[in-house]
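Student:
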Ligand SMILES: Cc1ncc(C[n+]2csc(CCOP(=O)(O)OP(=O)(O)O)c2C)c(N)n1
Ligand SMILES: Cc1ncc(C[n+]2csc(CCOP(=O)(O)OP(=O)(O)O)c2C)c(N)n1
Ligand SMILES: [Mg+2]
Ligand SMILES: [Mg+2]
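Residue numbers (the numbering used here), protein chains in the order written: chain A, 63 to 412; chain B, 63 to 412; chain C, 6 to 331; chain D, 6 to 331.
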């Protein structure tokens, strides 16, 4: 289904594509922010890749290389106070909410500087301060949890929206179904964002799914609108995010958005992604979100120097963050039994 | 949503309704069989009700009064060798496959004569000999299990079909979703039969479901045809069953059929069903499947005597079964630890 | 002071907390208008309205997930999982999510919520609706676990559970709902992690939970009367935190330990307690530690078989007297 | 005789059974073309084809449900649940369905199936991918539970599990996949319910499972060398059925019992064994029963913290020597 989906993605009638510049409803400042985030995520993910090649990242790691536009589009559209619920593939979404790069990278390196001081690891990035309400590594589990956060907002009359990111493969697990129905019935201010990157771990999503578009083709089963967008175009993502966030904030209930995209690397550090048909990656590389977006900026008349400046600044940030992480020790061993319970300890007996 | 659904049910364009007699594609013998089964189920369910009023049925009990047409329609359409997977509300479906009445009633009474000699109880009726592959009391659990049975048939090239019965409320649990997608992707010979009786236990299904027709409106999410039928008309059920069974047997894959119906009594023996809006029951009683079907037989020229004869024979059967059950002792206490494992025992240690 | 059923104590305990704190909200299947299938939440919908007592679809994962998400962001939800057996369909939230959230996030997030659930047998509901599953939750680090045996404990432990900043699994025993007990007027707040010595005794210690507590007490009376054995009876009440001090203190005095467990034997809470005592109170012991449990089998529906399966007062008496007398 | 990894032993054991019986089929996520995320099923897709080695959607309930339905009607499925932690999302099938089917139906239906799952820690995967969850399954009546520690046991117990007429949960240890061992040529079939004494000793008994087995053995060597303590090491291998005879026999000889458990403490398998010994071998005991376990906490991701959490050979030595000498 790889190439097919690619065609879909570039077919304007099926997908809200952003081929040609149109009315600049987005504006140059926002566009620069969208670009900055994508560049920083890209650079930081590449650094993560380098670091585990150097064996400085233990455990596992799931990169979003190629999927930066989704995290960036939402990151820019979301307000302070909005809540993100991410997966193990959550580095990008965590950075996109403004969490410090050294906190993210440091957690991958399981150092004291990490967002959770190494206790959670790469699959559970959390930065409550930045609205990142956890990253979840059991497929589908966070969809109902995001509903709960949205229920709280609804009940207390708070105006934040909960946004839940997940992959195509996640649409086939029970929790997806329960959460979507629940959110729709209770009209909760939650946005479900399916990043369809064509694969679960190694198996193409088309081989294990009854419909072509695993999220969009199921929206109607929850009384929701079918939304299928080009996930490699940050403008398309930003617009869809804005619409869904506004709808949710105004009491209009949940949305389910399927973003067509592709991961450039393997599923996790262990995966060379040999299962991909020849040529597929190359085709998608042509639509690399950063290529798309550099062109977009040019189309809108942004000067090359500005673009270079952002790129350079990103590299500096990554270097700084890396240095800070390398300088950070492992967390003190007292943390082993800390924070099991709210009293800070782990006592299960007297 | 009660009355609305009722309107749907009698609206020919929305539902494959059987208001007027047409070509007798079904034939008189089959019709008599459909009638016989409905009458026997009705009489037997009423007897179960009497028996628990007399405190001869311990534990719980879930009657299908008012829903007999579904069990009968499928019971007649299914072949020997086809497999039924039922719920706690499975008395009707068990009888419809030919399991002995005293086995069913006896299990409700937890006597030695019961289908499982009282070990399972009313919620787990099983008669493998008659293709009843268990009744399941955890909502949704049996949908994937029915898939497994269908997978076995597909793998071994056996021609039986697995039929899985469940209620409207069951469509909101995760296992429903997983099973439907799984069955569709693997093109399994399985038929999913949703008996929409408008309520989960006490809560109207419309209050907790994002779509109007909890099964039919979700068929498309699994690439399946939308099938919504009048579940109080045994002919409609029989025809839909035939079509789905044939499709499955010929390798056409699964079907999902939503049958509109209504339970005349409460959810279980403990429930007086006070939550129903006034008049709802009365409206549905007019469309009692037995009233519908007696009229149908008359429309097709079946003599009154024949109808009376079947009714009388049913009463006799129920009396006989009741007497046999009352005469049956409780099972011997050795059964307590029997059949945990295949060796007949329960040894977890040496 | 009033006499109250265990069932009504549940509603009273919840009402007490909902009155105190508007962040306390309830979700579950048929808990609202219908008052719950065990009628343990009758009146709460009327008193606190549909926004605080919400009926859900049959979606146990959504129930626990939503409770968790709400708890993480400021509410104090009480979620009902109708029968404890159904925790199996949403076990991920207990085993992997709410229990690990605080630890994994280095304390950034917590889950102050209560899961109420109808636990235990004796009601002829068969294998999938009768289990005692306290050990399913006790074995998971990061959750607290209680199982009251009397109306007053229901109220006090419910209050403690709702006020606790961590997830608490609250096991209500189905066969106790209709039982009655004296309950003082006014606010009742108990303490998690405290066992109660319900009967002092000098010859042996019987440790019991929930439905097994009245049976152990009945057995203790018979043991004294018919066998001259003076048993101390401890109601564990809280499995996590576990009041090992009370248990070890009792064993230090009596020298003999019996557990009375409704769970099927393997890895029951009694095994954990036995292992603690066999380590820390070994030199206090005057003889073997004996566990009285449901045999390691699924539960039968038939009344006479179910009665045989669960430990009865008679079985406790028989076992304790036989062991104690040689 | 050949040297084989634990990982390759899984594939060899399965292949042996699939060759023997065409009713043996496999399902799971990414097990086919990809050879499994742990590469434990490499080559099976190629050898037995897509109809016998089938990739599934991410639908663990469908995986276990389908395995069960197929088993009930004639197949012998082997289902993979990738990480043992994920049993929580399909726990209903273990706890309420496959385990109770035979009993509830009075023997009419059985579930001859195997659930393979990647269990255990030591691989820095964090709290949701590292748990030792043998007790989640051991506590459920009606399932059998094994956890091999060596390649030859993997093959033999896999064969026994596949041939067994009841559901067997087969815990593969993630941290053992890369370890190697000698394996004889030809068919290997082992017996469920048999423990193995891997090291004879006279001073105390160390009972261990899976990854804890090599550590207990290493500890025993050090205990002898550095402390003069002669420990007997038993690999439990099978939790249900449990070979209590071997364990009780050993304790009768040594008089001292230590369990070495990777699971977080509460209700671990060691508690059950401790409770059996504290009852049936009480008079054989020369001192307390001591459990060496992971503390009752979720697992941290950081390597230095995870290493501290799981029992190490050093910790075993330290604990056993301290207890034995004082
Ligand atoms: C319940 C559960 N099953 C299986 C896994 C193993 N697993 C981790 S990621 C993954 C693939 C997820 O695919 P998708 O949802 O498309 O997300 P992507 O990785 O492509 O971003 C699987 C199967 C898991 N973590 N949880
Ligand atoms: C997982 C699970 N949740 C809840 C229940 C309790 N319960 C039993 S029947 C029922 C209602 C089912 O409604 P529906 O599917 O419409 O079937 P009906 O009873 O109407 O035939 C509920 C909630 C259960 N048995 N299993
Ligand atoms: Mg994907
Ligand atoms: Mg219903």
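In this text, a Cβ means the ideal position worked out from N, Cα and C, and glycines have one as well. As the structure is a computational prediction, the values presented were derived from the model and not from experiment.
So, does the CB of residue 302 (chain D) fall closer than 8 Å to a CB anywhere in chain A?
Tutor: At least one chain A Cβ lies under 8 Å of residue 302 (chain D).
Student: Can you pull every residue whose C-beta falls closer than 6 Å to some heavy atom of ligand 3, listed in chain order?
Tutor: Residues with a Cβ closer than 6 Å to any heavy atom of ligand 3, in chain order: A:229, A:230, A:231, A:259, A:261 and A:262.
Student: Output, in sequence order along the chain, the residues in the region 210–231 of chain B whose CB is closer than 8 Å to any CB in chain D.
Tutor: Residues passing the 8 Å Cβ filter: 210, 211, 212, 213, 214, 215, 217, 218 and 224.
Student: Would you tell me roughly how many angstroms separate the C-alpha atoms of residue 256 (chain C) and residue 128 (chain D), rounded to the nearest one?
Tutor: When rounded, the distance between both Cα atoms is 41 Å.
Student: Spatial neighbours of residue 196 (chain A) within its chain, please: C-beta separation below 6 Å, excluding the five flanking residues on both sides.
Tutor: Within the same chain, residue 196 (chain A) has close Cβ partners 188.
Student: Let's see if you can read the secondary structure: which residues bound the alpha helix (DSSP H) around residue 258 (chain C)?
Tutor: Unbroken alpha helix (DSSP H) run through residue 258 (chain C): 249–259.
Student: When burial is assigned at 16 or more other CB atoms within 10 Å of the CB, is residue 347 (chain A) buried or exposed?
Tutor: Exposed.
Student: Between B:408, B:225, B:249 and B:198, which has its C-alpha nearest residue 285 (chain B)'s C-alpha?
Tutor: The candidate whose alpha carbon is nearest that of residue 285 (chain B) is B:249.
Student: Do three or more CB pairs link the region 237–252 of chain A to the region 265–273 of chain B at distances below 8 Å?
Tutor: Enough Cβ pairs lie closer than 8 Å, so yes.
Student: Name the one or two DSSP bridge partners that residue 395 (chain A) has.
Tutor: Paired residues: none, contrary to the question.
Student: Just curious, the beta strand (DSSP E) that residue 272 (chain D) is in, first and last residue?
Tutor: Counting along the chain, residue 272 (chain D) falls outside any beta strand (DSSP E), and DSSP gives it neither H nor E.
Student: Since residue 122 (chain C) is in the beta strand (DSSP E), which residue starts that stretch and which ends it?
Tutor: Here the beta strand (DSSP E) through residue 122 (chain C) covers 119–124.
Student: With a floor of 3 residues, list each beta strand (DSSP E) that falls wholly inside the region 152–209 of chain D, ordered by position along the chain.
Tutor: 173–178, 185–188 and 201–204, all fully within the region 152–209 of chain D.
Student: Please report how far the alpha carbon of residue 289 (chain C) lies from the alpha carbon of residue 218 (chain C), in whole angstroms.
Tutor: Rounded to whole angstroms, residue 289 (chain C) to residue 218 (chain C) spans 24 Å at the Cα level.
Student: Can you tell me the Cα-Cα spacing of residue 309 (chain C) and residue 120 (chain B), whole angstroms?
Tutor: Each residue's Cα considered, the two are about 11 Å apart.
Student: Along chain D, in chain order, which residues have C-beta atoms closer than 7 Å to that of residue 188 (chain B)?
Tutor: By Cβ distance, chain D contributes 110, 113 and 114.
Student: Excluding the 5 residues preceding and the 5 following residue 69 (chain B) in the sequence, name in chain order all residues of the same chain whose CB lies nearer than 6 Å to its CB.
Tutor: Because residue 69 (chain B) sits at a pLDDT of 45, beneath the cut-off of 50, its placement in the model cannot be relied upon, and the following sentence gives the value as read from the coordinates. None.
Student: Between which two residues does the alpha helix (DSSP H) carrying residue 53 (chain D) extend?
Tutor: Taken as a continuous stretch (DSSP letters only), the alpha helix (DSSP H) holding residue 53 (chain D) covers 49–53.
Student: Going along chain A, which residues have a C-beta under 9 Å from residue 23 (chain C)?
Tutor: Within 9 Å Cβ-Cβ: nothing; residue 23 (chain C) doesn't reach chain A, min ~13 Å.
Student: Of the choices D:311, D:54 and D:81, whose alpha-carbon is the least far from that of residue 211 (chain B)?
Tutor: The candidate whose alpha carbon is nearest that of residue 211 (chain B) is D:81.
Student: Which value, in whole angstroms, describes the spacing of the CA atoms of residue 395 (chain A) and residue 181 (chain A)?
Tutor: Straight-line Cα distance between these residues: approximately 11 Å.
Student: Could you tell me whether any non-hydrogen atom of ligand 4 is closer than 7 Å to the CB of residue 267 (chain B)?
Tutor: Checking the Cβ of residue 267 (chain B) against ligand 4 gives yes.
Student: For the candidate residues A:100, A:191, A:222 and A:298, whose alpha-carbon lies nearest to that of residue 158 (chain A)?
Tutor: For residue 158 (chain A), the nearest C-alpha among the options comes from A:100.
Student: Could you list the residues in the region 263–276 of chain A with a C-beta less than 7 Å from some C-beta on chain B, going in chain order?
Tutor: Of all residues in the region 263–276 of chain A, 270, 271, 272 and 273 have a Cβ within less than 7 Å of some Cβ in chain B.
Student: How long is the line joining the alpha carbons of residue 371 (chain B) and residue 231 (chain B), rounded to whole angstroms?
Tutor: Going by the C-alpha atoms only, they are around 38 Å apart.
Student: With residue 186 (chain D) and residue 157 (chain D) assumed to form a contact (beta carbons below 8 Å), what rounded beta-carbon distance in angstroms separates them?
Tutor: About 6 Å; that satisfies the 8 Å criterion.
Student: Just to confirm, are residue 42 (chain C) and residue 83 (chain C) a CB contact at a threshold of 8 Å?
Tutor: Not a contact, by the Cβ cut-off of 8 Å.
Student: Hey, residue 251 (chain A) and residue 298 (chain A): beta-carbon distance below 8 Å or not?
Tutor: Their beta carbons are not under 8 Å apart, which means residue 251 (chain A) does not touch residue 298 (chain A) by this criterion.
Student: Closer than 8 Å is the cut-off here; do at least three beta carbon pairs connect the region 191–211 of chain D with the region 40–56 of chain D?
Tutor: Short answer: they don't touch.
Student: Residue 250 (chain C) touches chain A at which residues, Cβ-Cβ below 7 Å?
Tutor: Simply 412.
Student: Tell me the DSSP secondary structure of residue 324 (chain B) in three-state form.
Tutor: Residue 324 (chain B) falls in the coil class under three-state DSSP.
Student: Hey, is residue 329 (chain A) close to ligand 1, as in C-beta under 7 Å from one of its heavy atoms?
Tutor: Yes, the beta carbon of residue 329 (chain A) sits closer than 7 Å to at least one heavy atom of ligand 1.
Student: Taking only runs that begin and end inside the region 223–269 of chain A, name each unbroken beta strand (DSSP E) of 3 or more residues, in chain order.
Tutor: DSSP runs (the beta strand (DSSP E)) wholly in the region 223–269 of chain A: 224–229 and 252–258.
Student: Considering only the beta carbon of each residue, do residue 224 (chain D) and residue 283 (chain D) sit closer than 8 Å?
Tutor: Not in contact: residue 224 (chain D) and residue 283 (chain D) (Cβ atoms no closer than 8 Å).
Student: State yes or no: is the beta carbon of residue 73 (chain C) nearer than 8 Å to at least one beta carbon in chain A?
Tutor: Yes, contact with chain A.
Student: What residues from chain B crowd round residue 280 (chain A), counting only those whose CB sits closer than 7 Å?
Tutor: Per Cβ cutoff of 7 Å: 283.
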